[in-house]
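Chains as they are written, first to last, in the numbering used here: chain A, 108 to 506; chain B, -4 to 46.
Don't be surprised by glycine CBs; every beta carbon is placed ideally from N, CA and C.
For reference, the structure is listed below as structure tokens.
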């Protein structure tokens, strides 16, 4: 049974909201972190909570040491901790990805390293959607080390890294926003506002359990699994994923609005995009913005400094390909997803060149032609995204 | 007017008018009714669950 139709999840979600309404001492993020920990323990069991708390303490200690050593002359110590932290994080992420890609990975790992607690760690990674925790850790390190933002206490940090309402699949919340939740006075919860939040949550449930499930049952039967065997399947799959993921994101956002905990918007009518580049600013927006601020912008800035502004557009192909390779490998550790990233990066670079060319020659069609061209562009975006999905679908939804 | 167009105008308001509240309640009830008829324990897990 999916987590979001488990009555216990909703009882706990409402309990956390009611507890947050009580004027207890401590900041909002601390109180949320505490109630979140209690809710996770009841929902997932004390073993998962204990491992999660251990992981949070490891991250917190490493970042505390790094920020402490940042202004000290001890360069070797700082580099060592920085390297160690990155290696541990990438190692854990890789374990999780190998486990997702290969069903016998746990047994293979047990044979190679019988001492390694795979039977505890691997289910923990899946239960808590470690891919999202991984990107949150990068965002956290980026804020604390490079942007000199203060590190919050471990309980509040747990509320940022593993929030109950973003447990299933994101969105990727921003550390700076989470920290600022304490500074902002939360909006007064009037009956109208509560009604709007309920509307957001019920729309999310409607997307998933009526529209997405309706599509699945219609095309694949009541107990059938989504798969992409033929080209046409990838069109259905794309629409299904939209209602599934956008529905989930709406539920998470609605609960986040109730709690006053920043929960980013994840979808903004992606099928209205007139280019693939625009599509990625409207689909899974929180991951797109994370990639933009953590990979694309820093790499592009470094490149422009080296090659000059004149070659900025041409050189953008490098950060685009790197960013989308990360997105591909973030989904699954496989050659197919890696090539998906390379191809997507190149396609977006081509779109950039075409766009620059059209601006240069001041091509502006009349209004009627523009509407027709935009409709064709939307068709092109849908076809391209579905086509790319066809090649990677079997990695995520094996037949 | 579809819901996506309706939401931004409503989001900024703290107090809804009587007609807005009624329309929103009907829309929520409509969704919940369909939801109740579609809900079954065999529902597929979220695509990105456990990612």
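Terminal residues of the alpha helix (DSSP H) in which residue i lies
i              : result
residue 349(A) : 338 to 366
residue 450(A) : 442 to 467
residue 40(B)  : Looking at the DSSP string, residue 40(B) is not in any alpha helix (DSSP H), and its letter there is neither H nor E.
residue 422(A) : 419 to 422
residue 285(A) : 282 to 287
residue 260(A) : Counting along the chain, residue 260(A) falls outside any alpha helix (DSSP H), and DSSP gives it neither H nor E.
residue 251(A) : Careful: residue 251(A) lies outside any alpha helix (DSSP H) and carries neither H nor E.
residue 222(A) : Note, residue 222(A): premise wrong, no alpha helix (DSSP H); not H, not E.
residue 305(A) : 298 to 313
residue 396(A) : 392 to 398
residue 123(A) : 114 to 128
residue 23(B)  : 13 to 33
Inter-residue CB distance, residue i and residue j (contact presumed, cutoff 8 Å)
i              : j              : result
residue 454(A) : residue 445(A) : Actually they are not in contact, since the Cβ atoms of residue 454(A) and residue 445(A) sit about 15 Å apart, beyond 8 Å.
residue 485(A) : residue 381(A) : 6 Å
residue 124(A) : residue 365(A) : 5 Å
residue 393(A) : residue 278(A) : 4 Å
residue 358(A) : residue 303(A) : 14 Å between Cβ atoms; not a contact.
Simplified DSSP state of residue i, which is helix, strand or coil
i              : result
residue 494(A) : helix
residue 487(A) : helix
residue 273(A) : helix
residue 143(A) : helix
residue 208(A) : helix
residue 153(A) : helix
residue 372(A) : coil
residue 320(A) : helix
residue 501(A) : helix
residue 203(A) : helix
residue 473(A) : coil
residue 215(A) : helix
residue 405(A) : helix
residue 230(A) : helix
residue 384(A) : helix
residue 163(A) : helix
residue 181(A) : coil
residue 5(B)   : Note on residue 5(B): pLDDT 45, under 50, position unreliable in the model; the coordinate value appears next. Helix.
residue 241(A) : helix
residue 412(A) : helix
residue 131(A) : coil
residue 247(A) : helix
residue 0(B)   : For residue 0(B), the predicted structure reports a pLDDT of 44, less than 50, and the residue's modelled location is therefore unreliable. A value from the coordinates is still provided. Helix, per DSSP.
Contacting residues, own chain, Cβ-Cβ under 7 Å from residue i (five flanking each side not counted)
i              : result
residue 148(A) : 156
residue 151(A) : 234
residue 398(A) : 430, 433, 434
residue 327(A) : 333
residue 419(A) : 411
residue 338(A) : 497
Neighbour flag for residue i against chain B, beta carbons, 8 Å
i              : result
residue 363(A) : no
residue 242(A) : no
residue 499(A) : no
residue 239(A) : yes
residue 502(A) : no
residue 236(A) : yes
residue 313(A) : yes
residue 197(A) : no
residue 136(A) : no
residue 385(A) : no
residue 373(A) : no
residue 355(A) : yes
residue 233(A) : yes
residue 321(A) : yes
residue 330(A) : yes
Contact with chain A by residue i, beta-carbon distance below 8 Å
i             : result
residue 21(B) : no
residue 46(B) : yes
residue 18(B) : no
residue 13(B) : no
residue -1(B) : Residue placement at residue -1(B) cannot be trusted, given a pLDDT of 45 that sits under 50; the coordinates are not used to answer.
Neighbourhood of residue i by C-beta, 8 Å cutoff - its chain only, sequence neighbours within 5 removed
i              : result
residue 2(B)   : With a pLDDT of only 48 at residue 2(B), under the threshold of 50, the placement of this residue in the model should not be trusted; the figure read from the coordinates follows. Counting only Cβ-Cβ distances below 8 Å, and skipping sequence neighbours, we find nothing.
residue 452(A) : 424, 427, 428, 429, 430, 431, 432
residue 254(A) : 283
residue 262(A) : 137, 140, 141, 144
residue 441(A) : 208, 502
residue 127(A) : 135, 138, 139, 142, 366, 367
residue 369(A) : 280, 281, 284, 285, 287, 288, 363
residue 351(A) : 314, 315, 319
residue 185(A) : 173, 176, 177, 179
Close-in-space but distant-in-sequence residues of the same chain around residue i (CB under 6 Å, 5 per side omitted)
i              : result
residue 5(B)   : With a pLDDT of 45 at residue 5(B), under the threshold of 50, the predicted position of this residue should be treated as unreliable, and no value is reported.
residue 243(A) : 268
residue 422(A) : 410, 414
residue 438(A) : 444
Contacts of residue i in chain D (Cβ-Cβ under 8 Å)
i              : result
residue 302(A) : Of the chains in the structure shown, none is chain D; the protein chains are A and B.
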